Structure formats: structure tokens, C-alpha cells
Amino acid sequence: MQEDGITAHYGSDDLVTKIFNALVKAGKDTNNLELKDLSVIDQLHTGGHLATIELAKRVSISKGDKVLDAGCGIGGTSRILAKEFGCEVTALDLTPQFIDAAKELTLATKLTSNISFICKDITNTALLDNYFDCIWCQHTLMNIKDKAAAFSEFKRVLKPGGFLVLHEIVKGDDLSRCDDKKEEIHLPVPWASCPEISFLISLEEMEQTASKNGFISTFIEDRTQNAKSWWQKVKSVSLKNINSPPPPLGAHIIFGDNGRLFGNTMTQNLDEGRIKMVEALYVAQK
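Positions in the sequence shown are counted from 1; adding 1032 to them yields the working numbering.
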């Protein structure tokens, strides 16, 4: 099953223990954690925590907004939206180990009153109709095969006039330039270690799917150059430390040895035009 493959990719045995042991090894006070202590492991999307903050400011996230963090991982963005922007966050992810870790880290950062976590599929959330002011979807859709079902569910749970924020990887424009036609992207990447759980679509397909499900775009911006710069830095750090043990905190805690390969594969995919990164804001039609 698709869900089994996704949870196997992201699921890590004893993830909570691994994270807290790594925090201690890195010299962090696990009884008084700050968001900055966690950014190396809970902001693994392209651009890290700065990309999250920049985008939240751009779309005018407001204090008191009810936000659904769709595909929350271990809760990094949820905690930023709660603490820095005063949002009431419902955080959802398909991977049980992520939800367990998200809860413990949110408890450790004293933000439990602002965030609730649920383990569900974003195409079938069982959440209330017309409830959220905003849906935040950051590097999530790449794992969703049925994009129409996801956008339909987003529309259902959003208030009329509510907005959908996307920070996503989509299919690149220049696949025809790639030497290897059989392999759409170089693997592993953060969202997939095998092609069976990677479901990239083009920006045009995403726009069409959003429109068909009742969304109007406010802005859509290609941020591929930013992604290239980010992943080139990640690659440089990885190459510099290739013969050294990994630092206590990093992507390897979740992804194991694959985490050290992402800088190389993501840089290849971006440079060869196999993928690109976009940010977008859609409004749910009334």
C-alpha cells in the first residue's frame, strides 16, 4: 500500500528517544527547549525555518488564526506558527512516529496549549467543515498520489474565503534535457527513497487541480533559485564532513544514512531541471 511505503520511509524506530538523546549530546537543555534548538531537525524542508517565517509574513498569518498544518512532520512549522504568529494550530501527519515526536517536542517547548496533533491522511481528515482560516502545506503534496482528493478536502475544511499556503516541490520544466529518461528524479530525496512514493506533478497540473476544486490563486512564485542555493549549501557541508561522523543533530536522525545524500541528489535534480520549488497562495471561493 502507498501509505505503508510512506510511513516506512519517514518512520524511524524509537524516534523520540533518538531525538532527545541527540539534543542532550548537542548540549541542549531538554527541560527548557527553545525553537532554535530544534531547527536543525524539525525544519528539514527547503529553506529551513527562515523560509517558513518569510512565507508566513508574506501571506499575513494573523494572531488567532485557526491553521491546519497538513503534513506537519515532527511539528517544527506548527510550533513556529503557534509561538511566533499566535496561531491555533491543528497539526496532521500520516506517520505515527512523527506525531509521537511532535507531541513530545511541543511539550518540551511548552506550546501544548496552542497545538493539537492528529495522525490522519490529509485526503480524509475527518475534521469539521468550514473550520480553518488557513491550511499550511509545506513539502507535503509530493507524497500525495490523489491531488484532487487533497485539494477537495482542503476546500471542505477551510472557511469560505480561507486561504491555502503552498511551499512545494513540483515537476521541473526541463526533463527533456535529462540523460536518464527512465528515472524521473535522482533518489533518495527527502520525500522518497523509492519512486513508488513520489508523486510529482507540474505547476500547471497543480494550478488546474486547485481551480477545479474551488480555489483562486493570489500569487504563485517560482523559488527554484532559492532552492538551488539552499541545497548547494547542504551539499557543501555534506562533502566537507564526508569522512567525519555526523553531528548530533541532523537529517540522519530521521532518514539514517540517506540524510547525508540529499544535498547531492537535490542539487542534481534542481540543476538538471527535474524539479523546481514553488510558493503559492490560494483562496477558497465562497
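Here a beta-carbon is modelled for each residue, glycine too, at the ideal position from N, C-alpha and C.
Predicted, not measured: the structure shown is a model, and the values here were computed from it.
Distance between residue j and residue i (C-alpha atoms, nearest Å)
i: Glu1136; j: Ser1276; result: 30 Å
i: Lys1057; j: Pro1280; result: 6 Å
i: Gly1246; j: Val1189; result: 12 Å
i: Gly1193; j: Asp1206; result: 35 Å
i: Ser1270; j: Gly1080; result: 16 Å
i: Thr1049; j: Gln1129; result: 11 Å
i: Ile1093; j: Phe1052; result: 31 Å
Limits of the beta strand (DSSP E) - the one that residue i falls within
i: Phe1164; result: Phe1164 to Gln1170
i: Gly1193; result: Leu1190 to Lys1203
i: Val1121; result: Glu1120 to Asp1125
i: Ala1088; result: No beta strand (DSSP E) holds Ala1088; the alpha helix (DSSP H) holding it covers Gly1080 to Arg1090.
i: Met1238; result: No beta strand (DSSP E) contains Met1238, which is instead part of the alpha helix (DSSP H) from Leu1235 to Lys1244.
i: Leu1100; result: Lys1098 to Ala1102
Distance CB(residue i)-CB(residue j) smaller than 8 Å
i: Thr1138; j: Ile1154; result: no
i: Leu1113; j: Ala1133; result: no
i: Asp1069; j: Leu1055; result: yes
i: Ile1233; j: Lys1203; result: yes
i: Thr1127; j: Thr1039; result: yes
i: Thr1167; j: Leu1196; result: The displayed chain sequence assigns Ile, not Thr, to residue 1167. Yes, the Cβ-Cβ distance between Ile1167 and Leu1196 is below 8 Å.
i: Pro1222; j: Leu1076; result: yes
i: Thr1241; j: Phe1164; result: no
i: Asp1125; j: Gly1096; result: no
Span of the alpha helix (DSSP H) around residue i
i: Lys1272; result: Thr1256 to Lys1272
i: Met1298; result: Phe1294 to Asp1303
i: Val1315; result: Unbroken run through Val1315 is the beta strand (DSSP E), Ile1307 to Ala1316; no alpha helix (DSSP H).
i: Phe1287; result: His1284 to Phe1287
i: Ser1110; result: Gly1108 to Phe1117
Exposure of residue i, with buried meaning 16 or more beta-carbon neighbours within 10 Å
i: Ser1230; result: buried
i: Asp1303; result: exposed
i: Gln1317; result: exposed
i: Ala1123; result: buried
i: Gly1282; result: buried
i: Gln1257; result: exposed
i: Leu1065; result: buried
i: Cys1226; result: exposed
i: Ala1312; result: buried
i: Ala1259; result: buried
Neighbour flag for residue i against chain D, beta carbons, 8 Å
i: Val1099; result: Of the protein chains in the structure, only one exists, and it is not chain D.
CB-CB length for residue i against residue j, believed under 8 Å
i: Tyr1314; j: Ser1249; result: 5 Å
i: Gly1295; j: Lys1267; result: 3 Å
i: Val1099; j: Glu1120; result: 7 Å
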